[in-house]
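A.B. asks: Quick one: the structure is below, and I'll ask about it shortly.
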Amino acid sequence: MLDGIFTGLSTAVMPFNLMMVVVGCFAGTFIGMLPGLGPISAVALMIPITYGIDPASGIILMAGVYYGAVFGGSTSSILINAPGCASTVVTSFDGYPLAQQGQAGKALALAAYSSFIGGTIGAIALLIAAPALAAVSLSFQSTDYFALMVLGLTAVAAFSGKGQVIKAMIMTVFGLMIATVGTDKTSGVPRFTFGSIDLIDGISFLLLAMATFALAEVVMTILNGKHKEKDAQLDMAQLGSMKLSKEEILHVAPTVARSSVFGFIVGVLPGAGATIASFLAYGLERNIASAKEKLKFGKGSLRGLAAPETANNAASTGSFVPLLTLGIPGSGTTAIMLGALIAAGVQPGPRLFVDNPDVFWSVIISMYFGNLVLLILNLPLIPYISKLLTIPRPILIPLILFFSITGVYLVSFNTFDIHMMVVITVIALLLKLLEFPMAPMLLGYILGGLMEINLSRALVISDGSFAFLWERPLTLGIMIAAILMLCLPPILERLNKRKAVRGPEVAVNEGEG
Amino acid sequence: MIFTKDHIGGLIFLCLSVTYGYYAGDIALLPGDEYEPFHAQTLPYALAILGGGLSLALLITAKSDLNHKLSLRGYDFVLVAKLLVLVVLFALALEWVGFLLATVFFLVGGYWLLGERRPKMLLLASVPFAIGIWFALTQLLDVYLAPGQLYTQLFGG
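If you read the protein sequences in the order shown, they are chains A and B.
Just so we're aligned, residue 0 is where the first sequence starts under this note's numbering, counting upward by one.
Just so we're aligned, residue 1469 is where the second sequence starts under this note's numbering, counting upward by one.
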């Protein structure tokens, strides 16, 4: 393990990779601040850049963007009560009231410190958990892989929010359907190409991710008329002090410790992720608070701010465990990273640990660097970075549109892809209006090819019998977990009805984060 | 009965699954594939059945209340349509007039559609940006950008 850590360290400290961490954190913070664009869109916008660089540098850049976007989302939640992404919605519950009381600086500092500690504890846990899990998963067979992919897909559907399970499952199937377009990997025959040469290679991952998470998100803000909203008026003179007193630190320390561990565990679960972790951590902290402290929640409680901020960063780190060790993304954002890695010729999963130790370890090490960058560079620069929020929307929106379109064009140099993007964006808009979550579709698309190969292998080995699903205890165990995942939401919903939970509730959708 | 978002979504996916299943039959099989436990049509058929079943489940479980009704009020579809047409025109312009001019055209068009009317602002926010991106791509990153068919036809390749 020490060898691995040194390999990772030597890759992560390369000047270019350090620059990727810094650039990623800055770019992520900026994109994350823009209302409507979250980590998932920010990471999607980075895919074209990763195509031209080494896979390790590429994933380091994306990890930096991921962190930065979560941090940027918190900043806009606190300063202007406009969460940049779902995982920072809870941050605004107590962060914005603090800003209104003239303590925006303190809220931002607490958010940054909590994120840093959450991320650090998460990175240490990842350092221990990932190699252990990777070692175990080396014994996996194709039947286990198939079961794991079913688990990954059902988990995303299960965590998609109240009353959304069927819709999320439909979207997963839709993603699997899109994955079948193009040449069949096992037999080499074309499927659903309708004679078009442009479809022989299938629909590219980059195109699908950019159209559904970058272009469609931007177009949705225009559809909602958000571009007409007045540009954020930030008075940086009213930020207040960024210092926390000793009493305040002691007051939030247990919260930060609890939420770090809790957030990491939630993040590790396939399908959960930063959004769910932040909501659960806030709920947990509120439930265990004293009656007097409970009254402060929603009105500027420091514990109410620290809990979700710590948990969402710890969960962001935790979601890398299933990605790096099993090749199953823990959230929508890591699903995009999985796609980008596969496109770069790196297959995340148990073999990654053995075949590409530089990628495996450098990601883990650079995560820690990412946390440091956020704390040392981004926090003091927040007053300046947030000035970017004042760029008029009529100027900003076409620029983001331009980057998403040219990002796809500059990889293929085929204008057919731009036309295809428009078609997919229109479909995505319709689905968004009908409240269908997008993340399960992308996950279905990414896992579709691998799932088909493993299912075909398992069926051929077992001579067409589905007995492989219950003959191996490990496969059976994973399949039972998948079934439980699907049965869990209705049971929880029923339990929640009985025990009417009080407090702020916002629908969590898309399994984003 | 109130027709809600879930009903519309369920119907769309039901139609999609039926069409997908229909075209799955058109996938060519290699000789002897029909005796194999798994071939190119297996997963598409399974997905069509699964998609159809889930769509029906959505249609059956959909609640008929006013809160879930699809309302298109307050959405600016015209502006979105104009922007998407601009994207299509950008793709055409890329082929005909090349990257630099197409970018300037796209950005000016985008700013204009979103309400920016000051000529100075329109030019300042587009021309230097387009030249900067073009310079970075062609001169720094050594990416070849085709000059456009119009240019090639007028001045030769």
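Every residue gets a Cβ at the ideal spot worked out from N, C-alpha and C, and that includes glycine.
All figures in this text were calculated on a predicted structure; none of them were measured in a lab.
Return the CA-CA distance between aspartate 1474 of chain B and isoleucine 52 of chain A, expressed in angstroms with no decimal places.
C.D. replies: Roughly 43 Å between the two C-alpha positions.
A.B. asks: Could you tell me whether any Cβ in chain C is nearer than 9 Å to the Cβ of isoleucine 1599 of chain B?
C.D. replies: No chain C is present in this structure, whose protein chains are A and B.
A.B. asks: What is the DSSP secondary structure of arginine 471 of chain A, reduced to helix, strand or coil?
C.D. replies: Arginine 471 of chain A falls in the coil class under three-state DSSP.
A.B. asks: Which residues in the same chain as glutamine 1509 of chain B place their Cβ atom closer than 6 Å to its Cβ, once the five residues preceding and following it in sequence are excluded?
C.D. replies: Cβ neighbours of glutamine 1509 of chain B beyond the five flanking positions: Ala1492 and Ile1495.
A.B. asks: Using only the alpha-carbon positions, how far apart do glycine 1616 of chain B and serine 318 of chain A sit?
C.D. replies: The alpha-carbon atoms of glycine 1616 of chain B and serine 318 of chain A are separated by roughly 45 Å.
A.B. asks: Can you tell me whether DSSP reads proline 1499 of chain B as helix, strand or coil?
C.D. replies: Of the three classes helix, strand and coil, the one that applies to proline 1499 of chain B here is coil, per DSSP.
A.B. asks: Give me the Cβ distance between leucine 323 of chain A and phenylalanine 359 of chain A, rounded to the nearest whole Å; I'm assuming they're in contact under 8 Å.
C.D. replies: Right, the Cβ-Cβ distance comes to about 6 Å (below 8 Å), so this counts as a contact.
A.B. asks: Write down every uninterrupted run of the alpha helix (DSSP H) in the stretch 289 to 325 of chain A whose length is 4 residues or greater and which is fully enclosed by it, in chain order.
C.D. replies: Runs found: 290 to 295, 301 to 317 and 319 to 325.
A.B. asks: I'd like the span of the alpha helix (DSSP H) that includes lysine 166 of chain A, first residue to last.
C.D. replies: Taken as a continuous stretch (DSSP letters only), the alpha helix (DSSP H) holding lysine 166 of chain A covers 164 to 178.
A.B. asks: Any contact of the stretch 190 to 208 of chain A with the stretch 69 to 81 of chain A, i.e. 3+ C-beta pairs under 8 Å?
C.D. replies: Flag = no, the stretch 190 to 208 of chain A and the stretch 69 to 81 of chain A do not touch.
A.B. asks: CB valine 1548 of chain B to CB isoleucine 221 of chain A, shorter than 9 Å?
C.D. replies: Yes; because the gap between Cβ atoms is below 9 Å, this pair is in contact.
A.B. asks: Which first and last residues belong to the alpha helix (DSSP H) in which leucine 433 of chain A is found?
C.D. replies: First-last for leucine 433 of chain A: undefined, no H or E at that position.
A.B. asks: So that I know if they touch, is there some Cβ in chain A lying closer than 9 Å to that of proline 1615 of chain B?
C.D. replies: Taking Cβ atoms only, chain A never reaches closer than 9 Å to proline 1615 of chain B, which makes this a no.
A.B. asks: Please name the residue in B:Phe1481, B:Asp1501 and B:Gln1621 whose C-alpha comes closest to that of glycine 1566 of chain B.
C.D. replies: If we check each option's Cα against that of glycine 1566 of chain B, B:Gln1621 comes out closest.
A.B. asks: Could you say which of A:Gln99, A:Ile384 and A:Ala288 lies nearest to arginine 302 of chain A if we only look at CA atoms?
C.D. replies: For arginine 302 of chain A, the nearest C-alpha among the options comes from A:Ala288.
A.B. asks: At a cut of 8 Å, does the stretch 486 to 493 of chain A reach the stretch 1530 to 1546 of chain B through at least three beta carbon pairs?
C.D. replies: Judged by Cβ distances under 8 Å, the stretch 486 to 493 of chain A makes no contact with the stretch 1530 to 1546 of chain B, as fewer than three pairs qualify.
A.B. asks: I'd like to know if the stretch 384 to 396 of chain A and the stretch 89 to 104 of chain A are in contact, where contact means that at least 3 CB-CB pairs between them fall below 8 Å.
C.D. replies: Contact between the stretch 384 to 396 of chain A and the stretch 89 to 104 of chain A is absent, because fewer than three Cβ pairs lie under 8 Å.
A.B. asks: Given that a residue counts as buried once 16 or more other Cβ atoms are within 10 Å of its Cβ, and exposed if not, what is glutamine 163 of chain A?
C.D. replies: That one is buried.
A.B. asks: Is it buried or exposed, glutamate 1502 of chain B, if we count other Cβ atoms within 10 angstroms and call 16 or more buried?
C.D. replies: Exposed, because fewer than 16 other Cβ atoms sit within 10 Å of the Cβ of glutamate 1502 of chain B.
A.B. asks: Within this structure, are the beta carbons of glycine 262 of chain A and glycine 117 of chain A separated by less than 9 Å?
C.D. replies: Yes, Cβ-Cβ distance for glycine 262 of chain A and glycine 117 of chain A is below 9 Å.
A.B. asks: Comparing the C-beta of serine 1485 of chain B with each C-beta of chain A, is any distance below 9 Å?
C.D. replies: Interface residue, yes.
A.B. asks: Taking Cβ-Cβ distances shorter than 7 Å, what residues in chain A pair up with isoleucine 1470 of chain B?
C.D. replies: Within chain A, no residue comes near isoleucine 1470 of chain B; the closest Cβ sits about 15 Å away, beyond 7 Å.
A.B. asks: Take the Cβ of serine 365 of chain A as the centre, count every other Cβ of all protein chains shown within 10 Å, and call the residue buried at 16 or more, exposed below.
C.D. replies: Answer is buried; the Cβ neighbour count reaches 16.
A.B. asks: Would you identify the three-state DSSP class for arginine 285 of chain A, choosing helix, strand or coil?
C.D. replies: Arginine 285 of chain A falls in the helix class under three-state DSSP.
A.B. asks: Please list, in chain order, all residues of the same chain as tryptophan 1564 of chain B whose beta carbon is under 7 Å from its beta carbon, the five residues on each side excluded.
C.D. replies: Excluding sequence neighbours, tryptophan 1564 of chain B sits near Gly1616, Gln1617 and Leu1618.
A.B. asks: Looking only at DSSP bridge pairs, what is threonine 182 of chain A linked to?
C.D. replies: Note: threonine 182 of chain A sits in a beta bridge opposite A:Pro189.
A.B. asks: In angstroms, rounded to a whole number, what distance separates the CA positions of valine 500 of chain A and tyrosine 383 of chain A?
C.D. replies: Low per-residue confidence applies at valine 500 of chain A: pLDDT is 49, beneath 50, and the placement is therefore not dependable, though the value from the model is reported in the following sentence. The straight-line gap from Cα to Cα measures roughly 40 Å.
A.B. asks: Starting from glycine 104 of chain A and walking both ways along the alpha helix (DSSP H), at which residues does that stretch end?
C.D. replies: That run of the alpha helix (DSSP H) goes 103 to 136.
A.B. asks: If you drop the 5 nearest sequence neighbours on each side, which residues of the same chain put their C-beta closer than 6 Å to that of leucine 132 of chain A?
C.D. replies: Result list for leucine 132 of chain A: Thr324, in chain order.
A.B. asks: Please state if the CB of leucine 340 of chain A and the CB of alanine 154 of chain A are separated by a distance shorter than 9 Å.
C.D. replies: Against a cut-off of 9 Å, the Cβ pair of leucine 340 of chain A and alanine 154 of chain A comes out as no contact.
A.B. asks: Between the Cα of methionine 336 of chain A and those of A:Ser277, A:Ser461 and A:Ala208, spot the shortest distance and give me the residue it belongs to.
C.D. replies: For the residues A:Ser277, A:Ser461 and A:Ala208, the minimum Cα distance to methionine 336 of chain A belongs to A:Ala208.
A.B. asks: Here's a check: name, in chain order, each residue in its chain whose Cβ is nearer than 6 Å to the Cβ of alanine 213 of chain A, leaving out the five neighbours to either side.
C.D. replies: Within the same chain, alanine 213 of chain A has close Cβ partners Ser40, Ala43, Leu44 and Ser403.
A.B. asks: Please confirm whether valine 1565 of chain B has its beta-carbon closer than 9 Å to some beta-carbon of chain A.
C.D. replies: Answer no: the Cβ-Cβ gap between valine 1565 of chain B and chain A never drops below 9 Å.
A.B. asks: Tell me the residue span of the alpha helix (DSSP H) that contains serine 56 of chain A.
C.D. replies: It spans 54 to 79 - the alpha helix (DSSP H) in which serine 56 of chain A sits, taken as one unbroken run.
A.B. asks: According to the Cβ coordinates, are leucine 198 of chain A and valine 180 of chain A closer than 9 Å?
C.D. replies: Yes, they are a contact pair.
A.B. asks: Alanine 122 of chain A and valine 320 of chain A - do their beta-carbons sit closer together than 9 Å?
C.D. replies: No, the Cβ-Cβ distance between valine 320 of chain A and alanine 122 of chain A is not below 9 Å.
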